[in-house]
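Going by my numbering, the residue at position 878 of the sequence shown is 878; the numbering climbs one at a time, nothing skipped. Beta carbons: idealized from backbone N, C-alpha and C, even for Gly. Please read the structure below before turning to the comments.
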Amino acid sequence: MFTERKASCSIPPRGQLGCFCFSSLNAEWDLSIPRSSCSLCLKRDGGDPKESACVLFFFSFLQPMKTLDAEDRAPLCPRLGPYFADGQRRVDYVLAYHVQKPGNIHRKSPKFGDDNFIRRLRRSLSMRSSRAPLQPKEDPEIAAQDDKRFKREEFEDNLRETGLELETSAECKIPGIAFLKIHAPWNVLCREAEFMKLKMPTNKVYEVKQGSNIVEKIRLFIHKVTSPLHPKVDANKLESVKPLSHTFSREKAHLFDLSDKDNFFDSKTRSSIVYEVLKRTKCTRDMYSMGITSLLANGVYTSAYPPHDVIEMVIDCLSSQTLYEEWASYSVFYKYQPIGLIRKYFGDKVGLYFAWLGVYTQMLIPAAIVGVIVFLYGCATVDDNIPSMEICDPRNNITMCPLCDRACSYWKLMTACGTARASHLFDNPATVFFSVFMALWAVLFMEHWKRRQMRLNYVWDLTGFGEEEQHPPVALVRMKRIGKWMDGWMNGFCRYRSHCSLSLYFQISVTFAIVFGVVLYRITIKTALHVSSYPAARENVRATVKTTAAIINVIIIIILDEIYGAVARWLTVLEVPKTDKSFEERLIFKTFVLKFVNAFTPIVYLAFFRGRLVGRPGNYLYVVGSYRMEECAHAGCLMELCIQLLEKLSFVWTYFKTARLSHVSVVIQFGMVTLFVASFPLAPLFALLNNVIEIRLDAKKFVMELRRPIAGRAKNIGIWYNLLRGLSKVAVIVNAFVIAFTSDFIPRLVYQYMYSPDGTMHGFVNHSLSYFNVSDFEPGTDPYQPMILGHKVKLCRYKDYRDPPWSSTPYDFSKEFWAILAVRLAFVVVFQNVVMLMRDFIDWLIPEIPKDISLKIHKEKVLMVELFMKEEHGRRLARRDSHNHNSYTSPSSSNQSPQQPRSRAVSNTNCS
């Protein structure tokens with residue numbers, strides 16, 4: 001039999017696909033199953049034995065071929081998929097647990113050969129030496145195993161009382177691992193579906209008419225034009241008819257098509273129903289009897305998961321409608337995702353996540369195109385940029401003040417020519433337009449997603465879905481394992497959320513302190529390299545400092561990201577949330593805040609603080625003794641900010657996207673694309689390229705590497721939408737400050753229209769530099785080599801708006817400084833209010849629910865009411881016919897009996 005052949009299969013190497021038996025299956029069963037597209041039950045890299053055992057356990061589900069009867073020996077097709085030993089009942093859920101190895105229960109002694117003999121000898125000696133015999137000590141490991149076994153037996157008995165059918169897998173070849181297969185019969189599925197208020201399709205179907213308005217026509221035209229980009233699955237085709245869906249009820253079972261009971265509830269629905277039963281089934285032996293969550297937390301069961309459905313995953317392979325071929329392959333990166341197929345197999349939450357990620361990636365295409373145009377505009381106008389031409393002109397011969405004390409000397413402004421030309425690529429008038437565009441793009445993305453979400457809710461029958469969760473989170477159950485003494489401390493500590501908030505603020509302060517530490521590292525290394533005796537070190541100071549600081553910064557971000565994830569979960573557990581939904585929302589918020597601060601604190605420092613707290617020559621600001629604060633390059637900090645954003649998108653993002661269902665990474669990327677887009681117009685392009693790869697990478701994980709997740713129900717992306725909306729609003733303010741204070745847009749604008757003699761930018765560089773008399777250096781801060789330029793320097797220049805040393809108020813802020821500051825603040829106010837007004841107008845202009853979807857939802861409600869009215873009318877007619885039949889037979893019975901009240905009752909009924 002074929003069940004014997006599978007026993008000879010070997011476990012695949014770590015991290016490989018668990019399809020090692022399919023070559024023999026194809027030969028014996030004549031199945032054309034592609035090895036590359038099989039994705040059934042796989043293990044993680046570096047996983048533990050319970051996950052590797054999942055592969056072997058799956059193939060024990062493949063049943064041998066059945067015969068029709070004793071006379072007809074023609075074999076039928078084998079039943080693919082997870083089934084019980086009888087080959088009829090499918091496995092809806094799997095519980096894995098450890099069993100004691102036979103060799104570990106009783107270890108043999110090297111001297112006496114039997115541990116029982118030693119125990120009997122000690123017991124007899126103790127009985128001779130003492131009147132009261134001593135009780136033998138029980139092995140704590142064996143006692144713990146027995147206690148877990150008793151809990152499992154009680155829990156399994158309670159599951160059987162609920163109606164579930166159980167079967168223990170006896171064919172597992174991995175020592176120490178056992179599996180409990182669970183099957184939900186039809187009556188249990190109907191009962192739980194009614195309790196869970198699942199909406200199921202009815203027999204009634206109606207015609208879906210496409211809208212006739214111009215918006216719907218444009219949508220249909222775009223769908224037709226982009227048809228080559230759609231995956232080749234039936235779920236993405238426009239359907240002309242749609243069945244009415246209604247909450248399942250056993251009393252109204254006649255409304256549903258129950259001809260095929262085996263497939264009425266699909267595999268994801270069956271597994272979710274069993275999971276709900278597992279969560280509420282009690283185990284009184286456990287101190288916290290909260291169902292499977294408590295048993296998993298206490299190690300009674302090692303894991304609980306729904307098996308992959310080989311029918312949906314393999315049979316679809318034969319018809320070229322597989323998730324692997326149309327979703328998890330890099331060769332289809334240019335196509336849309338089969339969202340309907342993803343939701344059908346993985347559930348609503350996973351389907352909504354990938355739908356949201358797909359909409360975000362599509363919206364990045366116009367943003368990337370506009371960003372590239374802005375960048376090309378900067379490249380085309382770099383040779384016509386007058387300020388950079390003045391910096392690169394050697395005839396100006398401008399001598400700049402030293403960049404550090406003692407070790408640094410005077411330098412010529414023309415040496416910053418390359419930095420000035422590169423900075424124009426990102427700091428030009430087009431970046432202001434791009435900032436406004438991205439602010440409006442963010443609100444368009446949010447509105448587009450809301451409409452797309454409502455369309456998916458209609459198609460997936462989620463319009464009337466309400467989330468009602470009464471189950472405590474698993475993490476809280478694990479927290480309770482530390483003992484009863486923790487309960488009092490938790491109740492006393494977490495009644496006041498200010499303590500948890502204080503811990504959150506402490507973690508944010510730690511991030512600020514680490515960023516300040518990196519700043520000190522840059523300052524000290526820069527000073528050390530300037531005084532180094534190696535010429536190569538002195539020549540590459542800036543590159544060495546930037547490279548090493550960037551590497552340290554990335555390493556710190558990765559480490560703190562792991563720490564903050566654990567801290568956020570710990571703080572959420574301390575708050576003792578009551579439901580899974582509350583626990584998830586609080587955990588998401590804390591995780592996002594900590595990781596957002598961790599990722600953006602260095603960028604905020606570089607954009608708004610670096611180069612603004614340095615002082616002036618002769619009166620610099622010092623930290624930790626005699627170390628001067630960092631200064632920006634002459635072209636400003638915008639170029640360095642652009643490099644920092646590029647590093648974040650290329651290095652840190654690679655680490656973030658390794659997480660499963662990485663909403664955090666996508667939201668942080670959204671922040672990088674919108675918050676500081678004025679300094680890096682190419683950010684949407686890099687994000688687009690990254691997301692195209694990440695979608696297929698995540699799809700490959702779900703299909704080939706991860707266990708099948710529990711099909712969670714949801715109608716939206718939850719708190720992530722509020723976080724995205726908040727980021728889009730904050731982005732307007734941040735970009736306004738970046739343009740006003742980080743870039744030179746406002747100083748150039750003020751000079752051109754207020755101080756330029758000819759209305760051009762000629763003379764702007766000289767206007768933006770102040771004078772300093774070198775005799776005013778503080779003692780011990782003047783350069784070691786003042787004659788490095790070949791002549792004695794009397795006056796040097798530095799970038800600031802201050803009065804010259806020969807004025808009545810030397811080195812005070814000049815009137816140009818206050819004029820530019822006033823214009824900067826006015827620009828922030830005007831920019832913020834104008835863009836916010838435009839955002840609100842777009843939000844008001846675009847309805848949240850598409851008009852055609854609103855009409856279809858209303859039509860469904862009307863048809864459902866008509867269906868119920870028709871059903872009620874049919875029942876009345878049936879009762880009336882039954883009554884008429886009884887009244888027709890009543891005279892014969894009245895002749896035999898003199899009693900008259902029955903005839904009165906019949907007459908009254910007929911009148912009614």
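Taking its Cβ as the centre, do 16 or more other Cβ atoms sit within 10 Å of residue i, making it buried, or is it exposed?
i: Lys181; result: buried
i: Arg250; result: exposed
i: Thr572; result: buried
i: Ile746; result: buried
i: Leu845; result: exposed
i: Tyr83; result: buried
i: Ser423; result: buried
i: Ala566; result: exposed
i: Lys282; result: exposed
i: Lys526; result: buried
i: Gln88; result: exposed
i: Tyr324; result: buried
i: Trp806; result: exposed
i: Leu164; result: buried
i: Gly759; result: exposed
i: Trp356; result: buried
i: Cys379; result: exposed
On a CA-only basis, which of the options is nearest residue i? Give me that one, please.
i: Ala193; options: Val667, Glu276, Thr579 and Arg725; result: Glu276
i: Leu456; options: Tyr353, Tyr410 and Cys379; result: Tyr353
i: Leu229; options: Ser331, Gly176, Thr302 and Ser294; result: Ser331
i: Ser509; options: Glu630, Asn716, Phe155 and Val593; result: Val593
i: Ala678; options: Lys799, Ser743, Ile214 and Asn619; result: Ser743
i: Arg542; options: Glu631, Ile557, Phe589 and Pro783; result: Glu631
i: Leu403; options: Met200, Met629 and Val703; result: Met629
i: Trp720; options: Asp881, Tyr336, Gln145 and Ser665; result: Ser665
i: Pro201; options: Val188, His183, Val443 and Ser245; result: Ser245
i: Leu649; options: His762, Val614, Asn619 and Leu685; result: Leu685
i: Ile717; options: Val359, Lys701 and Ala822; result: Val359
Distance, Cα to Cα, residue i vs residue j?
i: Lys794; j: Asp776; result: 10 Å
i: Glu778; j: Ala599; result: 39 Å
i: Tyr918; j: Thr381; result: No answer is possible for residue 918: the residues shown for the chain start at 1 and end at 912.
i: Val673; j: Ile177; result: 48 Å
i: Lys859; j: Ile853; result: 10 Å
i: Leu697; j: Met754; result: 55 Å
i: Phe764; j: Arg343; result: 59 Å
i: Lys209; j: Thr463; result: 19 Å
i: Thr579; j: Thr162; result: 24 Å
i: Val372; j: Ala439; result: 17 Å
i: Met838; j: Pro387; result: 33 Å
So what does DSSP say about residue i, is it helix, strand or coil?
i: Pro231; result: coil
i: Arg824; result: helix
i: Ala96; result: strand
i: Thr226; result: coil
i: Gly671; result: helix
i: Gly371; result: helix
i: Arg522; result: helix
i: Trp411; result: strand
i: Glu71; result: Confidence at Glu71 is low in this model, with a pLDDT of 38, below 50, so its placement is unreliable and no value can be given for it.
i: Leu795; result: strand
i: Leu56; result: For Leu56, the predicted structure reports a pLDDT of 39, less than 50, and the residue's modelled location is therefore unreliable. A value from the coordinates is still provided. Leu56: helix per DSSP, three-state reduction.
i: Arg395; result: coil
i: Pro243; result: strand
i: Gly291; result: coil
i: Ser272; result: helix
Would you say the beta carbon of residue i is closer than 6 Å to some non-hydrogen atom of the ligand FMN?
i: Asp384; result: Because no ligand of any kind appears in the structure shown, any question about the ligand FMN cannot be addressed here.
Three Cβ pairs or more, each shorter than 8 Å: is that satisfied between the stretch 414-428 and the stretch 637-648? yes
For the 8 Å Cβ check, are there 3 or more pairs between the stretch 700-712 and the stretch 385-399? no
Quick check: the stretch 724-733 against the stretch 812-826, are at least 3 beta-carbon pairs closer than 8 Å? no
For the stretch 785-800 against the stretch 410-424, are there 3 or more C-beta pairs whose distance is under 8 Å? yes
On the three-pair Cβ rule with 8 Å, is the stretch 687-697 touching the stretch 353-368? yes
Three-pair Cβ contact test at 8 Å for the stretch 734-742 versus the stretch 604-617: yes
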